[in-house]
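J.:
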Amino acid sequence: MERMTFSMCLKRAGIEKSFLREYDEEENYTREGEVHCTSSAFLCNESLDKVLFVYHNIYDSYTWPGGHNDGERDFFKVAIRETEEETGIKNLTLYSAIPLHMGLLPVKEHVKNGKKVPAHKHLNITFAFVVDEREKVKVKEDENSDVRWLPMDKLASFSSEPHMIPIFEECVRKLKEIQREKERVFRTIPFNLLPWYDKNKRDLPWRREKSAYRTWVSEIMLQQTRVEAGKAYYERFLRELPTVEDLAACPEEKLMKLWEGLGYYNRAKNLQKTAKIIVNEYGGVFPNDCETLKTLPGIGEYTAGAISSIAFEQKEPAVDGNVVRVLSRITENYDVDLKKKLFSSLKAIYPDRAGDFTQSLMELGAIVCLPNGVPLCEKCPMKEDCLGRRLEVENFLPSLPPKRERRVETLFVYHIETPEGLVLRKRTKGVLKGMWELPNFEEEKELPFEGKRELGRKEFTHVFTHVEWKMTCIYVKAEKTTMETHSWQEIEEALSIPSAFKKMIRKGEKM
Ligand code: SF4
636 MERMTFSMCL KRAGIEKSFL REYDEEENYT REGEVHCTSS AFLCNESLDK
686 VLFVYHNIYD SYTWPGGHND GERDFFKVAI RETEEETGIK NLTLYSAIPL
736 HMGLLPVKEH VKNGKKVPAH KHLNITFAFV VDEREKVKVK EDENSDVRWL
786 PMDKLASFSS EPHMIPIFEE CVRKLKEIQR EKERVFRTIP FNLLPWYDKN
836 KRDLPWRREK SAYRTWVSEI MLQQTRVEAG KAYYERFLRE LPTVEDLAAC
886 PEEKLMKLWE GLGYYNRAKN LQKTAKIIVN EYGGVFPNDC ETLKTLPGIG
936 EYTAGAISSI AFEQKEPAVD GNVVRVLSRI TENYDVDLKK KLFSSLKAIY
986 PDRAGDFTQS LMELGAIVCL PNGVPLCEKC PMKEDCLGRR LEVENFLPSL
1036 PPKRERRVET LFVYHIETPE GLVLRKRTKG VLKGMWELPN FEEEKELPFE
1086 GKRELGRKEF THVFTHVEWK MTCIYVKAEK TTMETHSWQE IEEALSIPSA
1136 FKKMIRKGEK M
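So the sequence shown is numbered by the numbering used here: it starts at 636 and just counts up by one.
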């Protein structure tokens, strides 16, 4: 999230700067003057009916966790830091960038760490966050004596500070207003998207004829390939294997060749496993219910939703990264686990044109609500309602979980060309198992060939989801070898070589 400075907070809260005449850009960030900037967190449970408050010894009352900015200009950062200090909670999700409260709060004279602190005012900003109620909490012993979930509609009975009661009530009112607006905006999505989709949908080969087989093949292909690049693969695949029976009967080597360049070869293998099940157990007819589809190899929640809604017009959502991005922006949702939760909430707003609605969400993500900070909001059918755009936080959504570190593996790869062709072997383990590869090893090796002439070495990197290969390719011309050699024609026409190795292959070239 961006830095939430004071002026940002005013803007998001829809407040004029003149509202807080006592604000001083420099002075308020220290504890010297009469007004101190503070940030607080209104920590709600997921159903938004309880709030996590701390019992603050200075105030003799339950209140929200919060504390002094002490020089920090980012009010979010302070609210998050103070939450952790006062409740022990580290996992909190921002509910909205709109502050629930901005205003001056009186602090009576008190003693802290044995020192008298004169009466002063807090210029406080409070944000709503969502916390899992099951999170363990702990009390900050020197300042507080309790941390407790309180019913949101009974906060007044837990506060002994009369001036705070209307503020808490105002926060609850504002929170519910934001919640209602999020729900309203969510419900408008099908009404905005379907007319837009009718006018703007792209002519894509898998949209030309409705069939479960076509939807399924295209969805599996597009899981790892951009639509533009996927079109040619899809058309070639359908030309060669126009029916589920053809796919079930296809020799594995041919299937791998058709899949070459798409990567993730297990997906092609699962495609065939499923085709065989459909032919043998379902008489070649796709089951039309989502639950049965999910039992088939390689068909998860997303693909099952896509097939049942697009091919069978059932109200089953298909939520992938694109759809999460679109919906997180429209509803200003910062939840890193949003994908899981969207299946049930989306189901509730599915219109009768289920297939078109699924595709309209995908289409919006593909051509308008683009990733990496460039959504084309001006062209978007949701531009009036989208909360991400209205609050100018669209580029901070979706929130992503912390990235897992990629493991780096070093390999020496041998490109051995003989008069018969190129030395290749089948991979027996790990990623790309079953594919053809150039011989490769963790260390340099002496290999069995004669008339060796090394032509040169080149460095390559290939990045998979969780592993990165740093490869040195050693180019060799040899007269003879006992290793398995394949002709260039066979390599071009029949063998599937994953792109990690394919990019190293140089036919008859001098290095
Ligand atoms: S208005 Fe912008 S951010 Fe919102 S859905 Fe449309 S393109 Fe995405």
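Ideal Cβ placement from N, Cα and C applies to all residues, glycine included.
(1) Answer with yes or no whether the minimum CB distance from residue 783 to chain C is below 8 Å.
(2) Have a look at 1127, 1081, 1122, 1048 and flag the residue whose alpha-carbon is nearest the alpha-carbon of residue 1135.
(3) Buried or exposed: where does residue 1110 fall if 16 or more other Cβ atoms within 10 Å of its Cβ makes it buried?
(4) I want to know whether the segment 957-975 touches the segment 790-802 - three or more CB-CB distances under 8 Å.
(5) From the DSSP output, read off the bridge partner residues of residue 747.
(6) Just to confirm the assignment, what range does the alpha helix (DSSP H) spanning residue 939 have?
(7) Considering residue 1049, what are the terminal residues of the beta strand (DSSP E) in which it resides?
(8) If you drop the 5 nearest sequence neighbours on each side, which residues of the same chain put their C-beta closer than 8 Å to that of residue 847?
(9) Taking the alpha-carbon positions, what's the residue 1070 to residue 971 distance?
(10) Taking its Cβ as the centre, do 16 or more other Cβ atoms sit within 10 Å of residue 736, making it buried, or is it exposed?
(11) At a cut-off of 7 Å, would you count residue 965 as near the ligand SF4, judging by its Cβ distance to the nearest heavy atom?
(12) From this set, 990, 1015, 989, which residue's C-alpha is nearest residue 999's C-alpha?
(13) Between residue 895 and the rest of its own chain, which residues show a CB-CB distance below 6 Å, the 5 nearest in sequence each way excluded?
(14) Would the beta-carbon of residue 1029 be found less than 7 Å away from any heavy atom of the ligand SF4?
(15) Does the beta carbon of residue 1018 fall short of 7 Å from some heavy atom of the ligand SF4?
(16) Can you check DSSP and say which residues form a bridge with residue 1091?
(17) When the Cα of residue 784 is compared with those of 1059, 1120, 689, which residue comes out closest?
(18) Compute the distance between the beta-carbons of residue 903 and residue 883, then report whether it is under 8 Å.
(19) Give me the DSSP bridge partner(s) of residue 688.
(20) Which ranges would you report for the beta strand (DSSP E) in the segment 675-739 if only whole runs of at least 3 residues count?
(21) Whose CA, out of 825, 809, 700, lies closest to the CA of residue 996?
(22) From what residue to what residue does the alpha helix (DSSP H) around residue 803 run?
(23) Name the residue from 672, 901, 874 whose alpha carbon lies nearest to the alpha carbon of residue 887.
(24) Is the Cβ-Cβ distance between residue 852 and residue 821 less than 8 Å?
(25) Work out the CA separation of residue 1096 and residue 1102 for me, nearest whole Å.
(26) For residue 1089, count neighbouring C-beta atoms within 10 Å of its own C-beta (all shown protein chains included) and say buried if the count is 16 or more, exposed if not.
(27) May I ask you to report which of helix, strand or coil DSSP gives residue 922?
(28) Helix, strand or coil: how does DSSP classify residue 910 here?
(29) Quick check: what's the CA-CA separation for residue 646 versus residue 913?
(30) Let's see if you can read the secondary structure: which residues bound the beta strand (DSSP E) around residue 763?
(31) Could you check what DSSP says for residue 1024 in three-state terms: helix, strand or coil?
(32) Quick check on residue 1076: does DSSP put it in helix, strand or coil?
T.: By the coordinates alone:
(1) Judged by its chain identifiers, the structure shown contains no chain C, having just a single protein chain.
(2) The residue among 1127, 1081, 1122, 1048 with its C-alpha nearest the C-alpha of residue 1135 is 1048.
(3) So residue 1110 ends up on the buried side.
(4) Flag = no, the segment 957-975 and the segment 790-802 do not touch.
(5) Answer by DSSP bridge pairing, in chain order: 750.
(6) For residue 939, the enclosing alpha helix (DSSP H) starts and ends at 936-941.
(7) For residue 1049, the enclosing beta strand (DSSP E) stretches over residues 1042-1053.
(8) Within the same chain, residue 847 has close Cβ partners 921, 923, 942, 946, 947.
(9) Taking the straight line joining both Cα atoms gives about 35 Å.
(10) With 16 or more other Cβ atoms within 10 Å, it is buried.
(11) Yes.
(12) Closest by alpha carbon: 1015.
(13) Contacts found: 1131.
(14) Set against 7 Å, the gap from the CB of residue 1029 to the closest heavy atom of the ligand SF4 is smaller.
(15) Of the heavy atoms belonging to the ligand SF4, at least one sits nearer than 7 Å to the Cβ of residue 1018.
(16) Note: residue 1091 sits in a beta bridge opposite 1110.
(17) Ranking the options by Cα distance to residue 784, first place goes to 689.
(18) No, the pair does not count as a contact, with Cβ atoms beyond the cut-off.
(19) DSSP output for residue 688 lists 783 as bridge partner(s).
(20) Annotation note: the segment 675-739 contains the following uninterrupted beta strand (DSSP E) runs of length 3 or greater, listed N- to C-terminal: 685-691, 696-698, 701-703.
(21) The shortest C-alpha separation from residue 996 is found at 825.
(22) Looking at the DSSP string, the run of the alpha helix (DSSP H) that includes residue 803 is 800-835.
(23) Of the candidates 672, 901, 874, 901 places its Cα closest to the Cα of residue 887.
(24) Going by C-beta atoms, residue 852 is not nearer than 8 Å to residue 821.
(25) C-alpha separation (whole angstroms): 11 Å.
(26) Note on residue 1089: under 16 other CB atoms within 10 angstroms of its CB, so exposed under the neighbour-count rule.
(27) Residue 922: coil per DSSP, three-state reduction.
(28) Note: residue 910 maps to helix in three-state DSSP.
(29) Residue 646 and residue 913: Cα-Cα distance of roughly 57 Å.
(30) Counted as a single uninterrupted DSSP element, the beta strand (DSSP E) harbouring residue 763 occupies residues 755-765.
(31) Looking at residue 1024 - three-state DSSP - the assignment turns out to be helix.
(32) Look at residue 1076 here: in three-state DSSP terms it is strand.
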